[in-house]
Amino acid sequence: MRRWTLELEQWEVWLFELRYYTYLHAYNHTYARIQQDLHQLNDEEWWLLKRLLGNGEDVTVMDKAAARLLRMGVVTERPVETGQYGWKTILAIVSPMMKRVCLDALPTREIHQTVTAEDPVQLLAVALTYVNPNTIAHFFVQNRCSQSEAVFHFELYAVIRDMLRKANQKKIYRKAKITNANTRADILVVNGSRLAYELKVNQLLEQSEINVAASQAYEYKQQFRVQRMLIVNFVPAGHVFDKVYRVEACPGVEIVHVQFRESCDDFTISYLPEENIPQGEQNNYVGKLQSQCLKKIKHIEVSCQNKSLRKHSGMVGSEFGDET
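Counting in the UniProt record's numbering, the sequence shown runs from 1 upward without gaps.
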């Protein structure tokens, strides 16, 4: 165990952005050049790339905005089976490293509020005011039967990145999740102490969903010595979810539920502050809360500055407004 810990500590800097940027700019000029070229994409090409970052399996090579991304080597063609005898060719980002390059090249947002990384719930609340609701709403219209953590991931990643730059917090690193790796949080912030977010969508049931997510987050918290580990569970308004904010088997993992309207431009954050738990009554606040404990839950209402352009359900056009 000690040898594993030493090896982890030696390689940990590579898991953060410090060594990533050194590698990108000092050793791999191809990736650095691609990242510069990404900044030259037009709106239509950026929209297509965002769909791919959101794991959009509906993006095909027939999309006219795909030609430039294919030439750049950012995306590749991938055949997928559509039925017993059918096949189609879709687009996919070529590698996890390329996905990281694309995430870092996301257009910057104009941030008007300076927030430090000391309070992860407050950081989340402010970040949600700057997400693009049209991007999120579009993905939910197209993927009603699938989870959409990825679209929340890249929206929040881009916003938090720019918020931290505005605050001149140079020692903060963000970590993009690698597919099928349970020991990577979606967004990791290091600024003296470490906080991390694991993003989930529509986790409603305590035993089969929320507890499983908490177990994964707890593993991450231990391996990477995270002081504040938050599961952020995005739940569509009207869906009923078990009121679980702590899991007994996963101490230190905080569960935050974020309800959102179909327009994706208003959010209600519900969480249980540690200071609201009475001394000596911690056991009463693990698992599904009883009604008498719910009064300790705190709620934050958040409205996006860039309100959705969607006029009504299901009507999403090809123009989604500028990034904020």
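Backbone N, C-alpha and C fix where the C-beta goes; we use that ideal spot for every residue, glycine too.
The beta carbon of residue 211 sits closer than 6 angstroms to the beta carbons of 247 from its chain, once the five residues preceding and following it are set aside; these are given in chain order. Taking the C-beta atoms as reference points, residue 127 is found nearer than 7 angstroms to residue 160. Taking a contact as a CB-CB distance under 8 angstroms, the pair residue 194 and residue 226 counts as one, their CB atoms being some 5 angstroms apart.
In this structure, residue 121 lies away from residue 90, with their beta-carbon atoms at least 7 angstroms apart. By the Cβ-count criterion, residue 42 is exposed, with fewer than 16 other Cβ atoms from all chains shown falling within 10 Å of its own Cβ.
A direct Cα-Cα distance of roughly 6 angstroms separates residue 167 from residue 114.
If you draw a 10 Å sphere on the C-beta of residue 221, you find 16 or more other C-beta atoms in it, and that means buried. Rounded to the nearest whole angstrom, the CA to CA distance from residue 267 to residue 241 is 16 angstroms.
Less than 7 angstroms separates the beta-carbon of residue 111 from that of residue 162. Rounded to the nearest whole angstrom, the CA to CA distance from residue 291 to residue 158 is 38 angstroms. Boundaries for residue 121: no beta strand (DSSP E) harbours it, while the alpha helix (DSSP H) harbouring it runs 120 to 128, taken from the DSSP string. Check the Cα spacing between residue 216 and each of 238, 196, 88: the tightest is with 196.
Checking the DSSP bridge columns, you'll see residue 268 partnered with 259, 301. Shown here, residue 253 sits in a strand according to DSSP, grouped into three states. Counting along the chain, the unbroken beta strand (DSSP E) around residue 195 starts and ends at 193 to 201. Exclusion of the five residues before and after residue 307 leaves 265 as the residues of its chain whose Cβ lies within less than 6 angstroms of its Cβ.
Residue 36 and residue 238 have their alpha carbons spaced roughly 43 angstroms apart.
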